[in-house]
Structures are given as C-alpha cells and as structure tokens.
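Chemist: The sequence shown begins at 1 in full-length UniProt numbering and counts up by one.
For each residue, glycine too, the CB sits at the ideal point set by N, CA and C.
I am attaching a structure below and will ask some questions about it afterwards.
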Amino acid sequence: MWLIIAIAGINFALIGRVKEFRDENFIVFKRISLLITALCSINFIYSAIIYNSYFSNTSWRMFLETMPGDSKNVLICIGLSIYVNYIPISIFKK
Numbered sequence: 001m002w003l004i005i006a007i008a009g010i011n012f013a014l015i016g017r018v019k020e021f022r023d024e025n026f027i028v029f030k031r032i033s034l035l036i037t038a039l040c041s042i043n044f045i046y047s048a049i050i051y052n053s054y055f056s057n058t059s060w061r062m063f064l065e066t067m068p069g070d071s072k073n074v075l076i077c078i079g080l081s082i083y084v085n086y087i088p089i090s091i092f093k094k
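Dropping the structure here:
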C-alpha cells in the first residue's frame with residue numbers, strides 16, 4: 001500500500017513539473033507530492049524502528065539487508081520524489 005502511495009507522490013511531482021514548465025499553477029501538486037513524501041518517510045522510519053527493535057544492537061546496514069523489499073522500493077520512491085521536486089526548472093528551459 002505504501003509503495004502505491006509513494007508512486008502517487010512521484011506522479012504528483014511530475015505533474016507539478018510539467019505544469020511549472022508550461023507556466024501554470026503548480027504549487028498545489030508540489031505540496032501534495034511533498035506531503036505524500038513526508039508521510040512515506042515517517043512510515044519508513046516507523047517501520048525501521050519497529051523492525052529494528054526485534055534485533056537489538058544492529059546497524060542500519062543490517063536493517064537494509066534484511067528489511068522487506070517493499071520498504072526498499074518505498075525508500076527509492078521517496079528519494080525520486082525529493083529529487084524531482086528539487087530539480088530547478090531552469091535546467092529544462094532555454
């Protein structure tokens with residue numbers, strides 16, 4: 001479920017970028033994307049705390065090696081959403 005929500009965050013970020021490129025109102029899409037990204041980040045951290053509480057004295061590297069695949073994909077989607085939201089639009093305009 002969180003993977004679908006994270007993908008929706010990327011979609012909102014891309015829609016916002018297209019609207020920004022066309023000089024339309026894009027703030028709503030950017031804020032929705034950042035809100036979804038924040039929610040997914042909080043869920044990822046919460047999952048890490050819960051999952052890591054079962055294995056005391058372990059590192060983040062061990063957590064990333066043993067965590068479920070969906071959590072890794074959500075982490076990738078969070079990174080992509082942040083990347084898409086913070087690329088300057090001047091790169092694409094001439």
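1) My understanding is that serine 33 touches phenylalanine 12, with C-beta atoms under 8 Å, so please give their C-beta distance in whole angstroms.
2) Run the CB neighbour count on isoleucine 78, radius 10 Å, all protein chains shown included, and call it buried at 16 or more, exposed below.
3) If you compare alpha carbons, which of Gly9, Gly16, Ile82, Val74 is closest to alanine 48?
4) Taking the continuous alpha helix (DSSP H) assigned at tryptophan 10, which residues delimit it?
5) Give the DSSP-derived three-state secondary structure of asparagine 25 in the structure shown.
Modeler: Straight from the coordinates:
1) 4 Å
2) With 16 or more other CB atoms across the displayed protein chains lying within 10 angstroms of its CB, isoleucine 78 is buried.
3) Val74
4) According to the sequence as given, residue 10 is isoleucine; it is not tryptophan. Taken as a continuous stretch (DSSP letters only), the alpha helix (DSSP H) holding isoleucine 10 covers 2–21.
5) coil
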